[in-house]
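Worksheet: one structure, shown below.
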Amino acid sequence: MEQNQFNVKLIDRQMLTPSVLQLRFVRSDNLPCKFKAGQFITFLLPHENGRKIRRSYSLANFPEQPYELEMIIAPVYEGFATKILFDLQLGAELQCTGPQGRLILRDEEASAHHILVATGTGLAPYRSMLPTIARWLENNQHAKVTVLLGVRYVVDLLYVEEFLAYAKKYDRFNFYAYLSREKTLSQSYQYSGYVQSAFEMLHLNPNTDVIYLCGNPHMIDASMDTLQKMGFNTQNIRREKYTSVRVVS
Ligand SMILES: Cc1cc2nc3c(=O)[nH]c(=O)nc-3n(C[C@H](O)[C@H](O)[C@H](O)COP(=O)(O)OP(=O)(O)OC[C@H]3O[C@@H](n4cnc5c(N)ncnc54)[C@H](O)[C@@H]3O)c2cc1C
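Take the position in the sequence shown, starting the count at 1, then add 49; the result is the number in the numbering used here.
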């Protein structure tokens, strides 16, 4: 048994969009699971050859709710974990390890303009960060946060009401959605194209701004390329690529 290994039990499941599944778990031993906003857990999924396949998922709920683990899962065609997780019934138990991950906010950087960029379910870590962001905005007059979400269509938008409520409440919080395939835009927060096309309009400062990138590896590579050309140093860019780990244990 690995360190930090525990079982979780499914207590709720619902479709958040036509394709994205939201799962909520509790620990089977009813203990809290302490984590930092932005971290993920890794399921150890049983394979027919008797080994375990590892698949990681970001925690989308707030660390202030440590008795629950919420994840949002995009289906991958013929994906191993996709099949198991989309078929999972209430009460089912899974093994997992964690939480872990370094895509976390740093209090000492609260004064910097943070640009949090996601494609699809890559929004999960930023949703988890919302209470921390609220504290920053309320206690630090220089704090500023811009969230950029890239999806294909309006129906694919995740947690949009929550992010828009933050944008309404806080002057220094902005939320923009980039829709790569939608033909008509109906709201002022919606833009056409890929999410990384926002960098130009944001008038970023490579010396002081901090960028977080999460989700599709192609978006992250394209963003890195653009940001480095704009003068960003890699230490001001934090990344989490959503890829499958090939290792079995
Ligand atoms: C730190 C971390 C956090 C993550 N958090 C999340 C999360 O919160 N939500 C979430 O939905 N996913 C997340 N992922 C991705 C997740 O771990 C799996 O990789 C994903 O669910 C696919 O697993 P699978 O077993 O269903 O597909 P696999 O069996 O691994 O893949 C099946 C086939 O699809 C290809 N493939 C794999 N992933 C993709 C993809 N994204 N797009 C297109 N083709 C693909 C593979 O190369 C393979 O050919 C995260 C990954 C990491 C590393």
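Just so you know, even glycine gets a beta-carbon here, dropped at the ideal spot from N, CA and C.
All values derive from a computational prediction rather than experimental measurement.
Do residue i and ligand 1 come close, with the Cβ less than 6 angstroms from some heavy atom?
i: Ser203; result: Inspection of the sequence shows that residue 203 is occupied by Val rather than by Ser. Checking every heavy atom of ligand 1 against the Cβ of Val203, none is found closer than 6 angstroms.
i: Gly87; result: no
i: Ile133; result: no
i: Ser105; result: yes
i: Lys129; result: Looking at the sequence itself, residue 129 is Phe, so the reference to Lys does not match. Yes, Cβ of Phe129 sits closer than 6 angstroms to a heavy atom of ligand 1.
i: Val125; result: yes
i: Ala271; result: no
i: Ser293; result: yes
i: Thr317; result: Only positions 50 to 298 of the chain appear in the structure, and residue 317 is not among them; the question remains open.
i: Ile122; result: yes
i: Ala173; result: yes
i: Thr168; result: no
Pull up the CB-CB distance for residue i and residue j, whole angstroms please, since I reckon it's below 8 angstroms.
i: Pro266; j: Thr292; result: 6 angstroms
i: Gly171; j: Cys263; result: 4 angstroms
i: Leu198; j: Ala167; result: 5 angstroms
i: Val300; j: Tyr116; result: Nothing about residue 300 can be read from this structure; the chain reaches only from 50 to 298.
i: Glu158; j: Val259; result: 6 angstroms
i: Val204; j: Gly169; result: The pair is not a contact, with the Cβ atoms about 12 angstroms apart (cut-off 8 angstroms).
i: Tyr219; j: Arg176; result: About 16 angstroms separates the two Cβ atoms, so there is no contact after all.
i: Ala238; j: Ala247; result: The sequence given here places Tyr at residue 238; Ala does not occur at that position. Their Cβ separation, rounded to whole angstroms, is 11 angstroms, which puts Tyr238 and Ala247 out of contact at 8 angstroms.
Within a Cβ cutoff of 6 angstroms, which residues of the same chain sit near residue i, ignoring the five residues on either side of it in sequence?
i: Val296; result: Any answer about Val296 is weak, because its pLDDT of 47 lies below 50 and its placement is not dependable; what the coordinates show is given next. The answer is none, since no qualifying residue turns up.
i: Ser77; result: Asn56, Lys58 and Glu142
i: Ile182; result: Val194
i: Ser298; result: Low local confidence applies: a pLDDT of 46 at Ser298 is under 50, so the model's placement there is unreliable, with the coordinate-based value given in what follows. Hits under 6 angstroms: Lys101.
i: Glu119; result: Arg73, Ala109 and Asn110
Near residue i, which residues of its chain fall below 7 angstroms by C-beta distance, leaving aside the five closest residues on each side in sequence?
i: Asn53; result: Thr146 and Gly147
i: Lys85; result: Pro112 and Ile153
i: Tyr202; result: Leu228, Arg230 and Glu231
i: Met178; result: Ala86, Gly87 and Leu154
i: Arg288; result: Leu262 and Ile269
i: Ile286; result: Ile260, Leu262, Met273 and Leu276
To which residues of the same chain is residue i closer than 8 angstroms at the C-beta, ignoring the five residues directly before and after it?
i: Phe135; result: Leu70, Ile122 and Pro124
**Prompt:** Is it a yes or a no for the stretch 60-73 touching the stretch 118-131, going by three-plus beta-carbon pairs under 8 angstroms?
**Reply:** yes
query = Counting pairs of beta carbons, one from the stretch 210-225 and one from the stretch 178-189, are three or more of them closer than 8 angstroms?
reply = yes
For the stretch 271-282 and the stretch 155-162, state whether three or more C-beta atom pairs, one from each stretch, are separated by less than 8 angstroms.
-> no
- Touch test, the stretch 143-151 against the stretch 79-98, Cβ-Cβ under 8 angstroms, three pairs minimum: yes
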